[in-house]
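Worksheet: one structure, shown below.
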Amino acid sequence: MDKTFVEDKERVIQREKQKMQRHLSVGNWTVKEKVALASRILCRHGHESGLAGQITAREAERGFFTQRLGCGMSEVQASNLLLVDEQLRIIEGTGMPNPANRFHAWLYRARKDIQCIVHTHPPYTSALSMLGVPLAVSHMDSCALYENVAFLAHWPGVPVGDEEGKLISAAMGDKSGLLLAHHGMVVVGRSVEEACVLALQFERAAQLQTIAAGAGSIRAIQPELGREARDWLLHPARLGATFGYYARRELAVAPQCIT
Numbered sequence: 730m731d732k733t734f735v736e737d738k739e740r741v742i743q744r745e746k747q748k749m750q751r752h753l754s755v756g757n758w759t760v761k762e763k764v765a766l767a768s769r770i771l772c773r774h775g776h777e778s779g780l781a782g783q784i785t786a787r788e789a790e791r792g793f794f795t796q797r798l799g800c801g802m803s804e805v806q807a808s809n810l811l812l813v814d815e816q817l818r819i820i821e822g823t824g825m826p827n828p829a830n831r832f833h834a835w836l837y838r839a840r841k842d843i844q845c846i847v848h849t850h851p852p853y854t855s856a857l858s859m860l861g862v863p864l865a866v867s868h869m870d871s872c873a874l875y876e877n878v879a880f881l882a883h884w885p886g887v888p889v890g891d892e893e894g895k896l897i898s899a900a901m902g903d904k905s906g907l908l909l910a911h912h913g914m915v916v917v918g919r920s921v922e923e924a925c926v927l928a929l930q931f932e933r934a935a936q937l938q939t940i941a942a943g944a945g946s947i948r949a950i951q952p953e954l955g956r957e958a959r960d961w962l963l964h965p966a967r968l969g970a971t972f973g974y975y976a977r978r979e980l981a982v983a984p985q986c987i988t
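Positions 730 to 988 (this note's numbering) are the ones given, in order, by the sequence shown.
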């Protein structure tokens, strides 16, 4: 019998991860271009809510990139992004940054591993936030968020002050996602690619939870299997390839977003 059918699963997983590292291609985009692409990707998947929500990404030690206030997610281009410091003072670009970006600065200061932050109000996530129900990660596709999402049950109001920055950064802790009651989601990533993909999975998990809860009780995933799937889905090469797939779809219809 071929040894493939009797090989230890963990050994197979590690071997396939090494293959992904060698064979999966990722786009050679700048951080600004990735932010513009992520904004377009998330907009197409229902994360747009007027002028609400922000995507930011670190730029070395100078500050972070963000869209200017008044620019919708479908209008973001690499050329119209702002570079701001943690006091939201403009370093590069023209226009006004969203005052709500202030809590992003608190997250960047608290977590040196964070390279990108996504905050949006997509419909299913927002519906859960209105119910005051934590996100249930109980499907394989969402397992990158398994044991990786916190819940803030207290709504602090419009997040433009330092009080909100303290509250949100403390609630996030070491997690990658945070469901804000009466508000929306915050997702952080070690790259723009990771934050974008996790934000897509967050809303997908909220959608599945809403559908499943209407049909019966949601069954929990076995913890060891949830963690196994989380580690598989969070492999950087896989995340990069997933982002690349969505980016190519955007570039096919809006190549100007990175020119």
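In this text, a Cβ means the ideal position worked out from N, Cα and C, and glycines have one as well.
Since the structure is predicted, the reported quantities are computational estimates derived from the model, not experimental observations.
Within 8 Å, strictly: CB atoms of residue i and residue j
i, j, result
"G824", "R797", "yes"
"V813", "I784", "no"
"A873", "Q930", "yes"
"G902", "A879", "yes"
"H850", "G913", "yes"
"P826", "L810", "no"
"L857", "A935", "yes"
"L780", "G799", "yes"
"Y875", "V887", "no"
"A839", "S778", "no"
"V889", "A829", "yes"
"L908", "P863", "yes"
Residues that residue i bridges to, as DSSP identifies them
i, result
"E788", "G792"
"Q783", "H848"
"L909", "L881, G913"
"E821", "L812"
"R797", "P826"
CA nearest to the CA of residue i, picked from the options
i, options, result
"Q816", "A807, V735, M802, H833", "H833"
"G906", "H848, E739, S754", "H848"
"Q747", "D870, A966, F972", "A966"
"K895", "Y837, V862, K761, A856", "Y837"
"R933", "I950, F794, M869", "M869"
"S803", "A970, N827, L766, G822", "L766"
"R831", "D891, I950, T854, E777", "D891"
"I820", "F972, G799, Q806, E790", "E790"
"V915", "N877, I950, V735, Q750", "N877"
"S920", "F793, A944, I940", "F793"
"A786", "A807, S778, R773", "A807"
"E979", "V805, A900, A928, H964", "V805"
"V917", "C845, W961, P952", "C845"
"G822", "R840, K761, L927, D842", "K761"
"T939", "Y853, R959, Q985", "Y853"
"L753", "P984, G973, E922", "G973"
Buried or exposed (CB count within 10 angstroms, at least 16 for buried), residue i
i, result
"S768", "buried"
"L954", "exposed"
"P885", "buried"
"G782", "buried"
"G945", "exposed"
"R948", "exposed"
"G861", "exposed"
"V741", "exposed"
"E922", "buried"
"A958", "buried"
"G943", "exposed"
Quick check on the DSSP output: what are the complete alpha helix (DSSP H) runs of length 4 or more inside the segment 749-782, in order along the chain? 760-771
Continuous beta strand (DSSP E) assignments of at least 3 residues falling wholly in the segment 905-988: 906-909, 913-918
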